[in-house]
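See below for the structure under consideration.
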Amino acid sequence: MFKVQTTQINPRTGKVTHYTLQGGFETREYAERSAERINRDFSQDGVTAKAVEVKTQVNNLDAYYEDQRRVNALIGSTDAPVPVIPENISRNRLLRAQAGLRHLLLEVIPQITDEQQRREVHLWIDGIYAITCFEELDAGVRNASASTQ
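Count the sequence shown with the working numbering and you get residues 10 to 158, in order.
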C-alpha cells in the first residue's frame with residue numbers, strides 16, 4: 010500500500026500546508042495518478058492556492074508487513090508452550106527475546122560503520138542479553154526446586 014502526500018503553498022500568504030490523503034493505494038502507479046489529479050488549483054482560505062509539490066511517499070506498507078514477517082520468523086511464536094503455565098510462557102518469551110538480541114549482536118551491529126556507535130549499541134545490547142541469560146538461569150533453578158518439592 011502507498012500513501013500520497015501533498016504540500017501546498019498559498020502564494021498570497023506564504024502559508025505552507027501538508028496533507029496526506031486518507032486511505033492507501035494498492036499500486037504505486039495508482040498512487041501517482043491520484044497525486045497528479047491533486048496537483049491543480051483549488052480554494053484555500055478564500056484564496057486560490059497552487060499545489061506546488063505533490064509526491065508519492067515511498068511508504069510501502071507491503072514492505073513494512075514483509076519486515077514484520079521477517080522479524081516474527083526469528084522471534085515470533087506459532088505454538089503455545091506445553092504445558093501452558095505462566096513459567097513456560099515467560100520462558101518462551103525470554104528465549105524469543107534472546108534470539109532477537111543474538112541476531113542484533115551477531116548480524117546487525119557488526120554492519121554499523123561508525124565505530125563509536127557500534128561499540129555503544131553493542132554495549133547496551135550485550136548488557137540486556139546478559140540480563141536475559143541470568144533470568145533464564147534463575148528461572149531454571151526456580152523450576153528445578155519447585156519440581157523437587
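All C-beta atoms, glycine included, are put in the ideal place defined by N, C-alpha and C. Note that the structure is a prediction, hence the values are computed from the model and not measured.
{"Asked": "For Val-117, write down the residues that DSSP places opposite it in a beta bridge.", "Found": "BP columns for Val-117 are empty, so no partner."}
{"Asked": "Taking Cβ positions, are Ile-140 and His-131 nearer each other than 8 Å?", "Found": "no"}
{"Asked": "Would you decide whether Val-63 is buried or exposed? Buried here means 16 or more other CB atoms lie within 10 Å of its CB.", "Found": "Because Val-63 carries a pLDDT of 44, less than 50, the predicted location of this residue cannot be relied on, and the following value inherits that uncertainty. With 16 or more Cβ atoms within 10 Å of its Cβ, Val-63 is classed as buried."}
{"Asked": "State the DSSP-derived secondary structure class of Val-25, mapped to helix, strand or coil.", "Found": "strand"}
{"Asked": "Using C-beta distances below 7 Å, list every residue in its chain close to His-112, excluding the 5 sequence neighbours before and after it, in chain order.", "Found": "Leu-83"}
{"Asked": "Which one or two residues does DSSP pair with Gln-17 in a beta bridge?", "Found": "Thr-26"}
{"Asked": "Does the beta-carbon of Gln-17 have 16 or more other beta-carbons within 10 angstroms, so that it is buried, or is it exposed?", "Found": "buried"}
{"Asked": "Helix, strand or coil: how does DSSP classify Ser-99 here?", "Found": "helix"}
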